[in-house]
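Down below is the structure, laid out as C-alpha cells.
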Amino acid sequence: MEIRALTAEDRPAWEPLWQGYLTFYKASVPEETTALTWARFHDPAEPMSAYGAFIDGRLAGIVHLILHRSTWTPGPYCYLQDLFTAEWARRRGVARALIEWSYQEATRWGASRIYWLTHESNVEAQAVYDQVASRSGFIQYRKMLPA
Numbered sequence: 003m004e005i006r007a008l009t010a011e012d013r014p015a016w017e018p019l020w021q022g023y024l025t026f027y028k029a030s031v032p033e034e035t036t037a038l039t040w041a042r043f044h045d046p047a048e049p050m051s052a053y054g055a056f057i058d059g060r061l062a063g064i065v066h067l068i069l070h071r072s073t074w075t076p077g078p079y080c081y082l083q084d085l086f087t088a089e090w091a092r093r094r095g096v097a098r099a100l101i102e103w104s105y106q107e108a109t110r111w112g113a114s115r116i117y118w119l120t121h122e123s124n125v126e127a128q129a130v131y132d133q134v135a136s137r138s139g140f141i142q143y144r145k146m147l148p149a
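Position one of the sequence shown corresponds to residue 3 (my numbering), numbered consecutively onward.
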C-alpha cells in the first residue's frame with residue numbers, strides 16, 4: 003500500500019470515493035462545492051489536504067485533513083474531516099493506514115491533537131477507531147445556518 007498526497011491528476015479516481023462517502027452519510031453537496039473543495043486541496047494557501055491510499059496503483063481510500071487554530075494551545079489542531087475506503091478494499095487495513103498517516107502529517111505540521119467524528123450508527127468504523135484513538139466523551143450539537 004502506498005499513501006501519498008493526491009495530485010490534480012487524481013481527481014477521476016478521487017471523485018467516486020468522494021461520492022461514495024457522501025452517499026454513505028446520505029449527504030450531497032453541489033458540484034460547485036466539490037470543485038471548490040478539490041481546488042482547496044491543491045492551493046498551498048489553504049489549510050486543507052487530501053491523501054490517498056493506493057493498492058496496486060488503484061485508489062483504495064481517501065482522507066481529508068484540515069489544520070486549524072485552537073484557543074487551548076499555541077499550536078494547531080488537525081481535523082480529520084473525511085475518511086472513506088472503497089468497497090473492494092475494505093478489511094485490508096486501508097482506514098487504519100490512512101489514520102496512521104494522518105497522525106504523521108499532523109505531527110509534522112506541529113499539531114498537538116487530531117480528531118474526527120463518525121455517526122453513532124457507524125459501528126464498523128468505530129471498531130477500528132476504538133483501536134487507534136480514544137473517545138472524547140463530547141457530544142456534537144449543530145445548527146444549520148442560512149447561506
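By construction, the Cβ of each residue, glycine as well, lies at the ideal position given by its N, Cα and C atoms.
In the DSSP annotation of this structure, the continuous segment of the beta strand (DSSP E) that includes Arg6 starts and ends at Glu4 to Ala7. With a 10 Å radius around the Cβ and a threshold of 16 neighbouring Cβ atoms, Ser104 comes out buried. Judged by their CB atoms, Ala113 and Gly77 are nearer to each other than the 8 Å cut-off.
Judged by their CB atoms, Glu107 and Leu67 are nearer to each other than the 8 Å cut-off. For Ile101, no beta strand (DSSP E) encloses it; the enclosing alpha helix (DSSP H) starts and ends at Val96 to Arg110. Around the beta carbon of Trp74, a 10 Å sphere encloses fewer than 16 other beta carbons of the protein chains shown; the residue is thus reported as exposed. Beta-bridge pairing by DSSP links Gly54 to Arg6 and Ile64.
Counting along the chain, Phe43 sits inside the alpha helix (DSSP H) bounded by residues Glu33 to Phe43.
Assigned with DSSP and collapsed to three states, Arg13 falls in helix. Only residues of its own chain outside the window of five on either side were considered, and among them none has a CB closer than 6 Å to the CB of Gln21.
C-alpha of Gln142 to C-alpha of Ile116: approximately 16 Å in a straight line.
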